[in-house]
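Okay, so here's the structure we're looking at.
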Amino acid sequence: MATGSGKTITALAGITAIFEQTQRMFLVVAVPYQSLADQWVEELAKFGVAAIPCYESRARWLDELSRTVTLYNAGALAFAACVVVNRTLASGDFQRLLN
Numbered sequence: 000m001a002t003g004s005g006k007t008i009t010a011l012a013g014i015t016a017i018f019e020q021t022q023r024m025f026l027v028v029a030v031p032y033q034s035l036a037d038q039w040v041e042e043l044a045k046f047g048v049a050a051i052p053c054y055e056s057r058a059r060w061l062d063e064l065s066r067t068v069t070l071y072n073a074g075a076l077a078f079a080a081c082v083v084v085n086r087t088l089a090s091g092d093f094q095r096l097l098n
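Under numbering that gives the first Met the number 0, the residues of the sequence shown are numbered 0 to 98, in order.
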């Protein structure tokens with residue numbers, strides 16, 4: 000699909016529909032570049048989702064993601080979201096937290 004054709008909004012509508020059915024979701028949006036990650040964080044915020052930005056310095060996201068994963072696994076959160084670039088997605092720290 001071309002730029003500006005609504006891919007992000009279509010994805011967000013799908014995410015919403017799935018969450019309405021399951022009532023539980025840990026959303027991981029993985030993109031190749033930080034500029035795209037920034038765009039996703041901004042678009043998710045428009046839908047009321049405060050996604051954890053998992054890129055740049057590990058110190059920026061590691062503790063917050065760890066707390067969020069713990070709360071989600073304990074059942075204290077029904078929904079959590081993070082936006083990650085491919086390099087972070089492949090990192091040992093990120094993979095350990097998601098496992």
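For each residue, glycine too, the CB sits at the ideal point set by N, CA and C. All values reported here derive from a predicted model rather than from experimental measurement.
- Message: To the nearest angstrom, how far is the alpha carbon of Leu88 from that of Gly47?
- Response: CA-CA distance, Leu88 to Gly47, rounds to 24 Å.
- Message: What would DSSP say about Leu64, mapped onto helix, strand or coil?
- Response: Secondary structure at Leu64: helix, using DSSP grouped into helix, strand and coil.
- Item | Nearest candidate by alpha-carbon position, reference Ala80, set Ala16, Leu64, Lys6 and Gly74 | The shortest C-alpha to C-alpha distance from Ala80 to any of Ala16, Leu64, Lys6 and Gly74 is the one to Leu64.
- Near Tyr32, what residues of its chain come up, given a Cβ to Cβ distance below 8 Å and the 5 sequence neighbours on each side ignored? Within the same chain, Tyr32 has close Cβ partners Val84.
- Query: For the beta strand (DSSP E) that contains Ala80, what are its first and last residues?
  - Reply: Counting along the chain, the beta strand (DSSP E) containing Ala80 begins and ends at Phe78 to Val84.
- Consult DSSP for Ala29 and reduce its assignment to one of helix, strand or coil. In the three-state scheme derived from DSSP, where H, G and I count as helix and E and B as strand, Ala29 is classed as strand.
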